[in-house]
Amino acid sequence: MIIYYDSKTGNVERFVRKLSASTGWDCVKVADAPVVSEKGHLITYTTKIGCVPASTERFLQENHPYVLSVSSSGNRNWGPNFALAADKIARQY
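So the numbering used here is basically just the index in the sequence shown, starting at one, shifted up by 11.
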């Protein structure tokens with residue numbers, strides 16, 4: 012399994028490193044993978060109270076056929092907008 016991830020504050024990156032250490036899965040930062048060739052899972056963050064980060068959008072423009080599933084982090088103070096980026100990505104792609 013390969014995990015593609017995008018992290019702004021380091022929270023997603025910390026989570027992904029722990030995930031990789033416990034599972035052995037390969038993890039690749041989207042900024043380091045402009046074009047991919049393996050199917051995998053995307054973990055990103057939610058920004059601006061419910062939006063998909065621009066860096067994640069750029070990654071998906073070229074690579075969405077390789078993204079099998081998506082998860083997102085966010086700020087719980089955003090209520091119904093918490094982790095909304097994953098829902099938006101799933102609907103669009």
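Glycine included, every Cβ here is placed at the ideal spot set by N, Cα and C.
Just so we're clear, the structure is a prediction, and the values are computed from it rather than from any experiment.
Whole-Å CB distance - residue i paired with residue j, under 8 angstroms assumed
i: residue 27; j: residue 13; result: In fact, because the Cβ distance is near 11 angstroms, the residues do not count as touching under 8 angstroms.
Under 7 angstroms between C-beta atoms of residue i and residue j
i: residue 23; j: residue 53; result: no
i: residue 98; j: residue 67; result: no
i: residue 56; j: residue 84; result: yes
i: residue 31; j: residue 38; result: yes
i: residue 2; j: residue 63; result: Residue 2 falls outside the range modelled here, since the chain spans only 12 to 104, and no answer is possible.
i: residue 60; j: residue 36; result: no
i: residue 73; j: residue 41; result: no
Alpha helix (DSSP H) segment containing residue i, residue limits
i: residue 100; result: 95-103
i: residue 23; result: 22-34
Whole-angstrom distance between residue j and residue i, CA atom to CA atom
i: residue 50; j: residue 76; result: 8 angstroms
i: residue 34; j: residue 91; result: 31 angstroms
i: residue 82; j: residue 93; result: 12 angstroms
Residues that residue i bridges to, as DSSP identifies them
i: residue 58; result: 62
i: residue 53; result: 15, 81
Endpoints, the beta strand (DSSP E) within which residue i is located
i: residue 2; result: A question about residue 2 goes unanswered here, because the residues of the chain that appear run from 12 up to 104.
i: residue 15; result: 13-16
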